[in-house]
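Here the structure is laid out as structure tokens; the discussion comes afterwards.
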Amino acid sequence: MELSDISKQLLDAKREKNITFTDIAQQLGRDEVWVAALFYGQATCSDDEECRKLSDTLSIHFSPEQIHQLKHSSYKGLLIPSFPPTDPLLYRFHEILLQFGVPMKEIIHEKFGDGIMSAVDFTVKIDKDETIKDAPRVNINMSGKFLPYKRW
Numbered sequence: 052m053e054l055s056d057i058s059k060q061l062l063d064a065k066r067e068k069n070i071t072f073t074d075i076a077q078q079l080g081r082d083e084v085w086v087a088a089l090f091y092g093q094a095t096c097s098d099d100e101e102c103r104k105l106s107d108t109l110s111i112h113f114s115p116e117q118i119h120q121l122k123h124s125s126y127k128g129l130l131i132p133s134f135p136p137t138d139p140l141l142y143r144f145h146e147i148l149l150q151f152g153v154p155m156k157e158i159i160h161e162k163f164g165d166g167i168m169s170a171v172d173f174t175v176k177i178d179k180d181e182t183i184k185d186a187p188r189v190n191i192n193m194s195g196k197f198l199p200y201k202r203w
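Below is the structure:
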């Protein structure tokens, strides 16, 4: 995975401060997944004030060019250079879609009609469920606006 210079700087500062995406999200008033997406160039800061909050949280100074990069996204979806992905966790998502993608699509169509789930008007929440002590569970909740196909 090829990271931009600004992504490397953000991740280095996060590591040096020994803080989590959750910690940063709390300072910015955002979700941890959104913050991680920002660090990897898949989301953008809304304005200069959000860049300043990020700068303060990480104790780093951004140049005008870096502020521009944080506010103006490059091409999204370029982080995974090959498909299917070779990273084991990312491959599991691919595997889930291979096995459950069509069944999930059919259930969505039964409940909503013919259309898609937006990845633009979209949120994702990741939680750790430790109800079973010996087998913690990863809970992923995806919420996307339903967009029916237009008929003409």
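Just so you know, the sequence shown maps onto residues 52 to 203 in the working numbering. We put the beta carbon where it would ideally sit given N, CA and C, even for glycine. Given the structure is predicted, the values throughout are model-derived calculations rather than measurements.
- Judged by pairs of C-beta atoms under 8 angstroms, the region 81-96 touches the region 173-182, as three or more such pairs exist.
- The alpha-carbon of L148 is positioned some 21 angstroms away from that of K179.
- Using a Cβ distance threshold of 8 angstroms, L130 and M193 do not count as a contacting pair.
- Only buried fits I75, as 16 or more other CB atoms lie within 10 angstroms of its CB.
- Cβ-Cβ distances below 7 angstroms link Q117 to I57 in the same chain, with the five nearest sequence neighbours on each side left out; the list follows chain order.
- A contact between stretches requires three or more CB pairs, one per stretch, nearer than 8 angstroms, and the region 159-168 fails this requirement with the region 126-143.
- G152 places its beta carbon 8 angstroms or farther from that of S169.
- The DSSP assignment places 99-109, 115-122 and 139-163 as complete runs of the alpha helix (DSSP H) inside the region 98-179, in order along the chain (cut-off: 4 residues).
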